[in-house]
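Number of protein chains: 2
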Amino acid sequence: MNPEVLLSRVRVVLCRPSHPGNIGAAARAMKTMGLSRLYLVTPKQFPDAEADTRATGAVDVLRAATVTATLDEALAGTVFAVALSARQRDLGPAIGAPRETVARLLAEAGLGEVALVFGNETVGLSNEEIFHCQAAVTIPTNPDFSSLNLGSAVQVLSYECRMAAFGEKPPVVAPGVTPFVAPPATNDEVEGLYGHLEAVMTATGFYNPEQPGRLLPKLRRLFGRVRLERDEVNILRGVLASTQVRTGHGRKE
Amino acid sequence: MNPEVLLSRVRVVLCRPSHPGNIGAAARAMKTMGLSRLYLVTPKQFPDAEADTRATGAVDVLRAATVTATLDEALAGTVFAVALSARQRDLGPAIGAPRETVARLLAEAGLGEVALVFGNETVGLSNEEIFHCQAAVTIPTNPDFSSLNLGSAVQVLSYECRMAAFGEKPPVVAPGVTPFVAPPATNDEVEGLYGHLEAVMTATGFYNPEQPGRLLPKLRRLFGRVRLERDEVNILRGVLASTQVRTGHGRKE
Numbered sequence: 001m002n003p004e005v006l007l008s009r010v011r012v013v014l015c016r017p018s019h020p021g022n023i024g025a026a027a028r029a030m031k032t033m034g035l036s037r038l039y040l041v042t043p044k045q046f047p048d049a050e051a052d053t054r055a056t057g058a059v060d061v062l063r064a065a066t067v068t069a070t071l072d073e074a075l076a077g078t079v080f081a082v083a084l085s086a087r088q089r090d091l092g093p094a095i096g097a098p099r100e101t102v103a104r105l106l107a108e109a110g111l112g113e114v115a116l117v118f119g120n121e122t123v124g125l126s127n128e129e130i131f132h133c134q135a136a137v138t139i140p141t142n143p144d145f146s147s148l149n150l151g152s153a154v155q156v157l158s159y160e161c162r163m164a165a166f167g168e169k170p171p172v173v174a175p176g177v178t179p180f181v182a183p184p185a186t187n188d189e190v191e192g193l194y195g196h197l198e199a200v201m202t203a204t205g206f207y208n209p210e211q212p213g214r215l216l217p218k219l220r221r222l223f224g225r226v227r228l229e230r231d232e233v234n235i236l237r238g239v240l241a242s243t244q245v246r247t248g249h250g251r252k253e
Numbered sequence: 254m255n256p257e258v259l260l261s262r263v264r265v266v267l268c269r270p271s272h273p274g275n276i277g278a279a280a281r282a283m284k285t286m287g288l289s290r291l292y293l294v295t296p297k298q299f300p301d302a303e304a305d306t307r308a309t310g311a312v313d314v315l316r317a318a319t320v321t322a323t324l325d326e327a328l329a330g331t332v333f334a335v336a337l338s339a340r341q342r343d344l345g346p347a348i349g350a351p352r353e354t355v356a357r358l359l360a361e362a363g364l365g366e367v368a369l370v371f372g373n374e375t376v377g378l379s380n381e382e383i384f385h386c387q388a389a390v391t392i393p394t395n396p397d398f399s400s401l402n403l404g405s406a407v408q409v410l411s412y413e414c415r416m417a418a419f420g421e422k423p424p425v426v427a428p429g430v431t432p433f434v435a436p437p438a439t440n441d442e443v444e445g446l447y448g449h450l451e452a453v454m455t456a457t458g459f460y461n462p463e464q465p466g467r468l469l470p471k472l473r474r475l476f477g478r479v480r481l482e483r484d485e486v487n488i489l490r491g492v493l494a495s496t497q498v499r500t501g502h503g504r505k506e
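If you read the protein sequences in the order shown, they are chains A and B. Heads up: the first sequence runs through residues 1 to 253, numbered per this note's numbering. Heads up: the second sequence runs through residues 254 to 506, numbered per this note's numbering.
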């Protein structure tokens with residue numbers, strides 16, 4: 001696939017950014033590498049003059065940015081999302097190195113929209129946000145000073161995207177990852193499944209929202225690893241709906 | 254060789270930076286990747302509060318920075334220098350890709366001090382500055398928007414330094430590059446040779462400083478490619494000195 005097309009399918013999602021200057025720097029970093037699709041989840045301040053200043057010639061990326069209230073909205077329609085995370089989270093996706101993980105991201109971009117998800121400058125991504133992604137990546141840093149600026153992190157991963165898209169070898173899904181044989185499910189379809197599952201489990205009493213424990217993260221981890229196809233989501237939701245009809249719980253009266 | 258030691262031998266040289274904020278961002282970018290040796294050639298404004306602000310936890314790198322009046326001073330003692338350049342200069346060193354060029358830089362760091370040389374934010378490096386380097390590198394960018402911030406450029410190449418230093422395979426000098434069998438000449442030793450050569454050529458009338466033409470860049474290109482050893486510089490200077498004795502030109506009365 002044309003490298004420019006692959007790059008055009010990469011969303012950069014900034015979750016809860018505090019400093020407008022970093023949003024501008026991210027836009028500029030993206031554009032230098034041929035990325036253009038910026039998503040902002042509840043930015044503290046946007047639009048903002050400081051963001052425009054730091055973006056310099058990439059103000060068009062800021063103007064075209066999509067502001068959303070939740071990470072799910074920013075991931076709507078994506079088939080693969082990578083979270084930037086400094087540390088392995090319990091039950092979270094395994095953390096990979098930038099080059100290999102971005103190569104996979106670009107391979108997945110051959111199938112549909114994909115996303116790189118960045119957290120807040122101070123606190124990073126929450127566990128819940130990371131559970132919405134199918135992979136995670138760490139940028140190796142000096143252990144004595146790992147304070148990578150948000151704009152710099154976007155720059156490094158955008159650069160790796162360009163290197164992978166224009167690399168000698170076309171990006172391929174990593175060995176050991178089963179290729180899709182049918183259209184992959186999008187993030188919103190998979191989230192629909194989770195919501196459905198949660199509703200059924202709550203109705204049956206298997207899951208108690210008052211005492212959530214680790215059940216939902218474990219299910220996300222399982223389905224995140226398996227890479228669901230759209231038909232499979234439909235099948236699973238059919239099964240769930242059928243239990244709702246039988247037990248009398250849920251939407252079908 | 255220990256990766257930390259290799260990284261400690263990489264100088265980041267900023268030539269004529271205009272914005273103190275970029276100096277601070279460069280210091281932070283360096284430190285996150287384990288680089289520490291910042292050289293500033295005639296910075297417009299330094300030290301500066303804005304530089305400190307942008308450096309955040311890397312103010313120590315700023316405090317330890319060396320300010321010089323010329324690029325030569327900043328390269329004193331180095332055995333290999335890579336210039337960042339957006340375009341191939343006539344007679345300049347061939348431009349390589351970041352990964353391969355930085356791998357070579359780290360391999361050369363096994364032999365002595367090395368440098369990454371960055372130009373001014375607006376005008377980049379002059380031809381003369383590039384002729385002082387033995388290799389050049391371009392960071393691939395979007396052809397429609399190649400305005401990579403100076404701090405971002407330092408971030409990307411510092412990141413590649415860390416990746417190369419901590420890579421699976423130890424960095425090796427590129428195939429086709431003859432390895433040194435004796436200590437390499439340092440930048441100042443090679444500059445001494447150029448100065449000596451120019452003096453002799455001027456004295457003999459072979460070179461006319463009033464009409465310099467392309468003679469000096471061509472000689473720099475030749476010796477830049479060959480990677481001189483210290484003994485070889487001494488031999489060449491011995492030859493030059495001998496001509497000065499014979500012709501009566503030059504220093505030896």
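Each residue gets a CB set at the ideal place from its N, CA and C atoms; glycine is no exception.
| Cross-chain neighbours of PHE398 (chain B) in chain A, by beta carbon under 7 angstroms | Working through the second sequence from its first residue, we reach residue 398 (chain B) at position 145. Ordered by position in chain A, the residues that pass the 7 angstroms Cβ test against PHE398 (chain B) are LYS31, THR32, GLY57, ALA58.
| From this set, B:ARG264, B:LEU337, B:THR285, B:VAL258, which residue's C-alpha is nearest VAL156 (chain A)'s C-alpha? | Taking the first sequence and counting its residues from 1, the one referred to as residue 156 (chain A) is at position 156. Ranking B:ARG264, B:LEU337, B:THR285, B:VAL258 by Cα distance to VAL156 (chain A) puts B:THR285 first.
| query | Does any CB atom of chain A fall closer than 9 angstroms to the CB of ASN402 (chain B)? | reply | Numbered from 1 along the second sequence, position 149 holds the residue referred to as residue 402 (chain B). Closer than 9 angstroms: yes.
| said: The beta strand (DSSP E) that contains PHE371 (chain B), what's its start and end? | reply: For the purposes of this step, residue 371 (chain B) is taken as the residue at position 118 of the second sequence. Looking at the DSSP string, the run of the beta strand (DSSP E) that includes PHE371 (chain B) is 366-371.
| request: Confirm, please, whether the CB-CB distance from THR202 (chain A) to ARG230 (chain A) is below 9 angstroms. | output: In the first sequence, residue 230 (chain A) corresponds to position 230, counting from 1. In the first sequence, residue 202 (chain A) corresponds to position 202, counting from 1. Taking 9 angstroms as the cut-off, the beta carbon of ARG230 (chain A) is found no closer than this to the beta carbon of THR202 (chain A).
| query | So, helix, strand or coil for PRO3 (chain A), using DSSP? | reply | On the first sequence, position 3 is the one that residue 3 (chain A) refers to. In this structure, PRO3 (chain A) counts as helix in the three-state DSSP scheme.
| Contact between the segment 356-372 of chain B and the segment 382-400 of chain B (3+ Cβ pairs under 8 angstroms) | The segment 356-372 of chain B vs the segment 382-400 of chain B: in contact.
| request: Specify, as a first and last residue, the run of the beta strand (DSSP E) that THR56 (chain A) falls within. | output: On the first sequence, position 56 is the one that residue 56 (chain A) refers to. No beta strand (DSSP E) contains THR56 (chain A), which DSSP labels as neither H nor E.
| query | Distance, Cα to Cα, ARG269 (chain B) vs ILE276 (chain B)? | reply | Along the second sequence, one-based indexing puts residue 269 (chain B) at 16. Along the second sequence, one-based indexing puts residue 276 (chain B) at 23. Take the alpha-carbon of ARG269 (chain B) and the one of ILE276 (chain B): they are about 10 angstroms apart.
| Contacting residues, own chain, Cβ-Cβ under 7 angstroms from GLN45 (chain A) (five flanking each side not counted) | Position 45 of the first sequence, counting from 1, holds the residue named residue 45 (chain A). For GLN45 (chain A), the CB contacts under 7 angstroms within the same chain, skipping 5 residues up- and downstream, are PRO20 in chain order.
| field | Status (buried if at least 16 other CB within 10 Å, exposed otherwise) for GLN497 (chain B) | value | Counting from one through the second sequence, the residue named residue 497 (chain B) turns up at place 244. Residue environment: GLN497 (chain B) is assigned as buried (16 or more neighbouring CB atoms within 10 Å of its CB, all protein chains considered).
| request: For GLY176 (chain A), count neighbouring C-beta atoms within 10 Å of its own C-beta (all shown protein chains included) and say buried if the count is 16 or more, exposed if not. | output: Working through the first sequence from its first residue, we reach residue 176 (chain A) at position 176. The predicted model places GLY176 (chain A) with a pLDDT of 46, which falls under 50 and marks its position as unreliable, so this point remains unresolved.
| task | Using a Cβ cut-off of 9 angstroms (strictly closer), state whether ASN22 (chain A) contacts chain B. | result | Here residue 22 (chain A) is taken as the residue at index 22 of the first sequence, counted from 1. No, no contact with chain B.
| message | Taking only three categories from DSSP, how would you classify TYR207 (chain A)? | response | In the first sequence, the residue the question calls residue 207 (chain A) occupies position 207. Three-state result, TYR207 (chain A): coil.
| message | Among the candidates A:ASN120, A:CYS161, A:GLU129, A:ASP72, whose CA atom is the shortest distance from the CA of THR101 (chain A)? | response | Here residue 101 (chain A) corresponds to residue number 101 of the first sequence, with the count starting at 1. Closest by alpha carbon: A:CYS161.
| task | Identify which residue in A:GLU50, A:VAL233, A:ASP72, A:PRO183 has its Cα closest to the Cα of ALA115 (chain A). | result | Sequence index remark: in the first sequence, residue 115 (chain A) carries index 115 (1-based). Among A:GLU50, A:VAL233, A:ASP72, A:PRO183, the Cα nearest to that of ALA115 (chain A) is on A:ASP72.
| With a Cβ-Cβ cutoff of 9 angstroms, do HIS132 (chain A) and ALA69 (chain A) count as a contact? | Counting from 1 along the first sequence, the entry for residue 132 (chain A) is found at position 132. Counting from 1 along the first sequence, the entry for residue 69 (chain A) is found at position 69. The answer is no: Cβ separation not under 9 angstroms.
| Since ARG9 (chain A) meets chain B, which of its residues come closer than 8 angstroms, beta carbon to beta carbon? | In the first sequence, residue 9 (chain A) corresponds to position 9, counting from 1. Correct list: empty, because the minimum Cβ distance to chain B is about 15 angstroms.
| task | Using a Cβ-Cβ cut-off of less than 9 angstroms, give me the residues of the segment 383-398 of chain B that come near chain A, in sequence order. | result | For the segment 383-398 of chain B, residues whose beta-carbon sits nearer than 9 angstroms to a beta-carbon of chain A comprise ILE392, PRO393, THR394, ASN395, PRO396, ASP397, PHE398.
| Straight-line CA distance for GLU121 (chain A) to PRO43 (chain A)? | As a working mapping, residue 121 (chain A) is identified with position 121 in the first sequence. As a working mapping, residue 43 (chain A) is identified with position 43 in the first sequence. Their Cα atoms are separated by approximately 11 angstroms.
| query | Taking only beta-carbon atoms, is ARG104 (chain A) less than 9 angstroms away from chain B? | reply | Within the first sequence, residue 104 (chain A) is the residue found at index 104, counting from 1. Closer than 9 angstroms: no.
| query | Listing by chain order, which chain B residues have their CB less than 7 angstroms from the CB of SER156 (chain A)? | reply | Position 156 of the first sequence, counting from 1, holds the residue named residue 156 (chain A). Note that residue 156 (chain A) is Val in the sequence shown, not Ser. Those within 7 angstroms of VAL156 (chain A) in chain B are GLN408, VAL409, TYR412.
| query | If you count every other CB in all the chains shown that lies within 10 Å of the CB of ILE235 (chain A), and 16 or more means buried, which is it? | reply | On the first sequence, residue 235 (chain A) is found 235 positions in, with the first residue counted as 1. Exposed is the call here.
| query | Quick one: what does DSSP say ASN395 (chain B) is sitting in, helix, strand or coil? | reply | Translated into the one-based positions of the second sequence, residue 395 (chain B) becomes position 142. Assigned with DSSP and collapsed to three states, ASN395 (chain B) falls in strand.
| field | Neighbouring residues, chain B, relative to ARG264 (chain A) (Cβ below 8 angstroms) | value | Lying outside 1 to 253, the shown extent of chain A, residue 264 (chain A) is not represented and no answer is given.
| Beta-carbon proximity of ARG99 (chain A) to GLY57 (chain A), cut-off 9 angstroms | On the first sequence, position 99 is the one that residue 99 (chain A) refers to. On the first sequence, position 57 is the one that residue 57 (chain A) refers to. Between ARG99 (chain A) and GLY57 (chain A), the gap from beta carbon to beta carbon reaches 9 angstroms or more.
| The alpha helix (DSSP H) with ALA29 (chain A) in it runs from where to where? | For the purposes of this step, residue 29 (chain A) is taken as the residue at position 29 of the first sequence. Taken as a continuous stretch (DSSP letters only), the alpha helix (DSSP H) holding ALA29 (chain A) covers 20-32.
| request: Give the secondary structure of VAL13 (chain A) by DSSP, where H, G and I count as helix, E and B as strand, and everything else as coil. | output: Position 13 of the first sequence, counting from 1, holds the residue named residue 13 (chain A). Residue state, collapsed to three classes: strand.
| Using 9 angstroms as the limit for Cβ to Cβ distance, is SER495 (chain B) near chain A? | Within the second sequence, numbered from 1, the residue matching residue 495 (chain B) stands at position 242. Any Cβ of chain A closer than 9 angstroms to the Cβ of SER495 (chain B) would place that residue at the interface, and such an atom is absent.
| query | Span of the beta strand (DSSP E) holding VAL376 (chain B)? | reply | Here the question's residue 376 (chain B) lines up with position 123 in the second sequence. Unbroken run through VAL376 (chain B): none, as it is neither H nor E.
| Where PRO217 (chain A) falls: helix, strand or coil (DSSP) | Here the question's residue 217 (chain A) lines up with position 217 in the first sequence. Looking at PRO217 (chain A) - three-state DSSP - the assignment turns out to be helix.
| So is GLU253 (chain A) buried or exposed if we call it buried at 16+ other beta carbons inside 10 Å? | The sequence position of residue 253 (chain A) within the first sequence is 253, counting from 1. Note that GLU253 (chain A) scores 38 on pLDDT, short of 50, meaning its location in the model is unreliable; the coordinates nonetheless yield the value given after this. GLU253 (chain A) comes out exposed.
| task | Measure the alpha-carbon distance for GLU113 (chain A) versus GLU191 (chain A) and round it to whole angstroms. | result | The count along the first sequence starts at 1 and reaches residue 113 (chain A) at position 113. The count along the first sequence starts at 1 and reaches residue 191 (chain A) at position 191. In this structure, the CA atom of GLU113 (chain A) is about 16 angstroms from the CA atom of GLU191 (chain A).
| query | Can you tell which of A:LEU35, A:SER158, A:ARG220, A:GLY119 has the C-alpha that lies nearest to the C-alpha of ARG87 (chain A)? | reply | Numbered from 1 along the first sequence, position 87 holds the residue referred to as residue 87 (chain A). Out of A:LEU35, A:SER158, A:ARG220, A:GLY119, A:GLY119 has the C-alpha closest to the C-alpha of ARG87 (chain A).
| request: Alpha carbon to alpha carbon, how far is LEU378 (chain B) from VAL294 (chain B)? Give it in angstroms, no decimals. | output: For the purposes of this step, residue 294 (chain B) is taken as residue 41 along the second sequence, with counting starting at 1. For the purposes of this step, residue 378 (chain B) is taken as residue 125 along the second sequence, with counting starting at 1. Spanning the alpha carbons of VAL294 (chain B) and LEU378 (chain B) requires a straight line of approximately 12 angstroms.
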